[in-house]
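**Student:** Chains as they are written, first to last, in full-length UniProt numbering: chain D, 1 to 413; chain W, 1 to 285. For each residue, glycine too, the CB sits at the ideal point set by N, CA and C. Remember, it's a predicted structure, so these values are computed and weren't measured experimentally.
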Amino acid sequence: MPMKFFAAGALVLATSVASLLTPALAADTNMKNLDIDLSKVTRENFYDIVVPAAKAEGTVTMYNFAGSFSDTWKKLTDSFEAKYGIKVVYSDVNGDQANQQLIAVQAAGQDAPVDVYFAGGGGYPLLSSKGVIGKIALTKVLPNMATYDPVLADTVFGRAHGGTFPLVHLNQTAIGYDSAFVKANDVPKNFEELLAWAENHPKRLGVTLPAKGGSGSGFIYSVALNYLTGDCRKTLMDYSLTLKQAEDWAMKSECLKPVWDYYSRLLKVAELTNGNADTLNLINNRQLYMGTVWEDQVMTFLGNKQLPDSFRLTLLEKGQVGSGDAMFVPANAKHVAAALLLVDLAMGKDFQTWKLETKASRSPRTDITNDLIPAAMKEHVLPKSVYPRLSVPAFWDMSQALAEALDEKVLNQ
Amino acid sequence: MSVLHRHRSLQLLLLLTPGVGYLLFFFGTPLLSALVGSFQLEDGTFTLNWYQCIFTRASTLRGLSTSIYYGTMPVLLSLTLSVPLSLLLRRSFLGRKLFSGLYKLPLAVPGIIVGLMVIVVFERGGFFDRLLAPIGFTLPKLVRDDWGIGVILAGAWKQVPFMTLIITSAFAAIPEDIRHAARSLGASRLKTFLFVDIPLAMPGITAAILLTFIGSMSSFAIPDIVGPPTARPLSVLMVQEFKQGRFEQVYAMGMVLSLFAIIVLLAYYSLTSRIGHDSRKGEQS
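#1: What are the start and end residues of the alpha helix (DSSP H) that includes D296 of chain D?
#2: Give me the residue from W:A58, W:F220 and W:S273 with the minimum Cα distance to G254 of chain W.
#3: Note down the Cα distance separating K94 of chain W from S100 of chain W, rounded to an integer number of angstroms.
#4: If you measure beta-carbon to beta-carbon, which residues of the segment 57–78 of chain W are closer than 7 Å to chain D?
#5: May I ask you to report which of helix, strand or coil DSSP gives Y63 of chain D?
#6: What are the residues of the segment 206–218 of chain D that lie near chain W, defined by any Cβ-Cβ distance shorter than 8 Å?
#7: When you compare the CB of T230 of chain W with every CB in chain D, is at least one pair closer than 9 Å?
#8: Could you check the C-alpha separation between S216 of chain W and K212 of chain D for me, to the nearest Å?
#9: G158 of chain D and M237 of chain D - do their beta-carbons sit closer together than 9 Å?
#10: Measuring CA to CA, which of W:C53, W:Q52 and W:S33 is closest to G44 of chain W?
#11: Rank D:F65, D:Q100 and D:K83 by C-alpha distance to the C-alpha of N94 of chain D and give the top, closest one.
#12: Taking only the alpha-carbon atoms, compute the straight-line gap between D371 of chain D and W294 of chain D and give it to the nearest angstrom.
#13: Quick check on I178 of chain W - is its C-beta less than 9 Å from some C-beta in chain D?
#14: Please decide whether T273 of chain D counts as near chain W, where near means a Cβ-Cβ distance under 9 Å.
#15: Chain D beta carbons: is any one of them nearer than 9 Å to that of E248 of chain W?
#16: Tell me the DSSP bridge mates of G291 of chain D?
#17: Taking L225 of chain D as the reference, give the member of D:T77, D:L402, D:E247 and D:N304 with the closest Cα.
#18: How is the alpha helix (DSSP H) around K234 of chain D delimited, first residue to last?
#19: Kindly indicate the opening and closing residues of the beta strand (DSSP E) around Y117 of chain D.
#20: For A56 of chain D and K87 of chain D, what's the separation of their Cα atoms in angstroms?
#21: Let me know if T80 of chain W comes out buried or exposed under the rule of 16 or more other beta-carbons within 10 Å of its beta-carbon.
#22: Determine whether the Cβ of G28 of chain W lies closer than 9 Å to any Cβ atom of chain D.
#23: Helix, strand or coil: which one does DSSP assign to G125 of chain W?
#24: For T167 of chain W, return the contacting residues in chain D, with the cut-off set at a CB-CB distance below 7 Å.
#25: According to DSSP, is P134 of chain W helix, strand or coil?
#26: Can you find a CB in chain D that lies within less than 9 Å of the CB of G227 of chain W?
#27: Would D96 of chain D pass as an interface residue toward chain W - the criterion being a Cβ-Cβ separation below 9 Å?
#28: Tell me whether A394 of chain D is buried or exposed, calling it buried when 16 or more other Cβ atoms sit within 10 Å of its Cβ.
#29: By the three-class DSSP mapping on this structure, what secondary structure does R43 of chain D have?
#30: With H, G and I counted as helix, E and B as strand and the rest as coil, what does DSSP make of L272 of chain D?
#31: In the structure shown, what three-state DSSP assignment does residue 298 of chain W receive?
#32: Closest by CA to V392 of chain D, which one among D:Y221, D:D350 and D:S91?
#33: Using a Cβ-Cβ cutoff of 7 Å, what residues of the segment 295–308 of chain D are near chain W? List them in chain order.
#34: Return the CA-CA distance between L170 of chain D and S86 of chain W, expressed in angstroms with no decimal places.
#35: Which residue's Cα is closest to the Cα of L313 of chain D: D:K183, D:L167, D:A160 and D:H201?
#36: Name the DSSP beta bridge partners of N326 of chain D, please?
Here it is, written out as structure tokens:
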């Protein structure tokens with residue numbers, strides 16, 4: 001009897017260990033064109049199995065939805081081709097159109113035109129609901145994802161993805177200011193202080209219209225997170241809500257009154273701008289001293305001398321929205337092994353560090369922090385005192401719902 | 001062939017087929033498809049929801065009035081500039097040939113470039129502002145201003161050459177003898193212009209007004225870049241909805257904009273036919 005129990009226990013243990021070792025790839029996958037046995041791939045044997053298969057495929061196609069990342073991916077694809085001798089066919093695409101293309105291809109059961117897609121992080125609900133995303137738990141098997149943020153490894157903006165939709169680039173909304181005009185002691189630390197500063201400096205704070213720029217829609221969600229409590233806050237952070245449900249709630253709920261009141265006061269003294277770049281342009285023209293910004297876009301503008309060197313960033317207490325964009329392998333991709341290898345290289349420490357240094361593109365790798373970047377650059381990125389402590393995950397559907405409600409409740413009243 | 005000769009209507013139909021068929025297929029089909037789409041939910045069931053949204057939401061109602069405003073104001077401004085310009089171009093002066101070529105340049109500049117030009121040159125703290133700062137002048141707010149003055153000026157800058165071209169042709173088509181006759185009968189230059197030139201050129205002027213109105217009302221780039229973020233015309237709101245994948249709402253907005261364009265078109269036909277009728281009556285009497 002004890003032997004029977006021992007044998008049964010050993011079987012359960014063996015099964016558990018096996019499932020831990022091959023957690024992702026052993027699971028039933030929706031990949032259409034597999035030329036490797038995914039169930040045998042682990043972090044340890046990844047290169048032994050995947051590299052020969054990828055070389056046999058000989059080519060990999062990549063889509064990039066973010067125009068500002070073309071040069072970044074050029075560096076990646078060049079080093080990929082040099083390292084593995086596998087040709088990369090690269091295309092910049094419009095994210096909305098590419099999403100629709102992949103959905104249509106998936107529905108028709110055809111091969112996907114792309115093997116690796118760098119897509120907006122907010123696209124996960126749509127793409128996963130249409131079965132476009134390949135069920136390969138990338139965060140569990142790619143060697144360069146061994147130090148991946150454990151929360152992001154399984155979820156993206158509150159939704160479980162099981163490692164199939166890993167963010168490879170994180171970006172952060174922030175408050176940017178020109179330190180030539182804003183003294184260190186006057187830098188707002190929370191939303192109330194920001195409003196007070198704006199009232200003391202009329203038309204010197206730029207707020208991006210939420211409908212026209214992520215720094216604005218991130219800001220409105222951050223304002224809501226700051227003011228809402230209890231059940232209202234629970235609904236605000238309920239990632240299971242669909243866009244339609246979020247829109248209905250934002251349009252009708254009394255919970256958001258403090259947010260509309262805040263905006264009503266703020267927009268009397270702040271400049272509402274037509275987009276992220278519009279806000280930065282006005283700061284560069286020295287018409288605004290402070291504004292809602294994206295950290296990585298600030299770095300790009302600084303690099304092009306489109307912002308003064310005295311420009312600095314901060315985050316407000318209770319947190320501001322952080323977002324990110326993902327790389328995934330479509331279910332109908334033709335060159336799966338080469339795709340895995342390319343995503344792995346994109347998460348390499350060298351590349352992720354270079355990306356942080358040159359673009360303030362934050363990494364989901366926990367071993368990449370401000371400490372790795374040169375001292376001169378540190379003053380142009382968010383300081384360690386606020387990032388990642390005050391970074392809160394985005395909920396873009398809710399942000400959009402709030403932006404639409406702002407149009408009706410405040411801007412057009 | 002003899003059948004065709006006998007049936008004139010059939011002959012006409014065949015002759016018209018290439019032109020009308022092209023219009024029906026490439027213009028009518030998308031329009032019809034959009035019209036049908038604007039009355040459908042995602043599952044294909046009939047709804048008036050998309051139109052209800054347009055006429056009940058504060059943002060879209062304001063978008064509609066802003067579209068009409070951005071359609072009308074640049075036309076009025078362009079007209080006040082184009083008519084004198086057309087008269088000037090009728091005269092002979094030094095450098096006329098060069099001027100005739102140069103004034104058409106804005107026609108070749110895309111709307112988005114005009115918008116970006118305004119941002120770079122006329123934005124507060126921009127090129128002109130910095131140029132004027134040493135002598136103590138500052139530019140008025142032309143970008144994101146509440147009245148959309150920047151949008152109107154930029155739109156007019158782009159529309160003036162087009163309008164001038166049409167109006168110049170309309171004036172050129174008036175025989176000089178008629179003017180001379182009016183002058184010989186004692187009419188002053190101003191009276192000749194007001195009571196001879198303008199009425200005779202009216203079909204051309206109204207055509208210019210119509211075309212520039214439709215162009216201005218549906219323009220996207222300039223109001224999107226230069227206009228105030230609060231009052232966005234329907235064209236800008238349409239692109240916003242398109243990005244969210246709400247195609248049915250886009251169709252409905254497009255239909256409302258098209259309806260306004262058609263109303264203006266009908267008004268144009270009514271006006272020009274009345275002018276034609278009046279002028280024929282004048283000829284008979």
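**Tutor:** On the basis of the coordinates in this document:
#1: E295 to G303
#2: Residue W:F220 holds the alpha-carbon nearest to the alpha-carbon of G254 of chain W among W:A58, W:F220 and W:S273.
#3: Note that residue 94 of chain W is Leu in the sequence shown, not Lys. Near 11 Å, if we compare the C-alpha coordinates of S100 of chain W and L94 of chain W.
#4: R57, A58, S59 and R62
#5: For Y63 of chain D, the secondary structure class from DSSP, reduced to helix, strand or coil, is strand.
#6: Residues L209, A211 and K212.
#7: yes
#8: 22 Å
#9: Yes.
#10: Answer by Cα proximity: W:S33.
#11: D:F65
#12: 21 Å
#13: No - not a single Cβ of chain D is within 9 Å of the one on I178 of chain W.
#14: yes
#15: no
#16: D:G176 and D:G206
#17: D:L402
#18: G230 to L236
#19: It spans V116 to G120 - the beta strand (DSSP E) in which Y117 of chain D sits, taken as one unbroken run.
#20: Taking the straight line joining both Cα atoms gives about 11 Å.
#21: In summary, T80 of chain W is exposed, with fewer than 16 beta-carbon neighbours lying within 10 Å of its beta-carbon over all protein chains present.
#22: no
#23: coil
#24: Looking at the sequence itself, residue 167 of chain W is Ile, so the reference to Thr does not match. Those within 7 Å of I167 of chain W in chain D number zero; the least Cβ separation is about 34 Å.
#25: helix
#26: yes
#27: Answer yes: the Cβ-Cβ gap between D96 of chain D and chain W drops below 9 Å somewhere.
#28: buried
#29: coil
#30: strand
#31: Any answer about residue 298 of chain W is impossible in this case: the structure gives chain W only from 1 up to 285.
#32: D:Y221
#33: Going along the segment 295–308 of chain D in chain order, one finds no residue with a Cβ nearer than 7 Å to chain W.
#34: 57 Å
#35: Distance from the Cα of L313 of chain D is smallest, within the candidate group D:K183, D:L167, D:A160 and D:H201, for D:K183.
#36: Reading off the sequence shown, one finds Ala at residue 326 of chain D, where the question assumed Asn. Looking at the DSSP assignment, A326 of chain D forms a beta bridge with D:A119 and D:L167.
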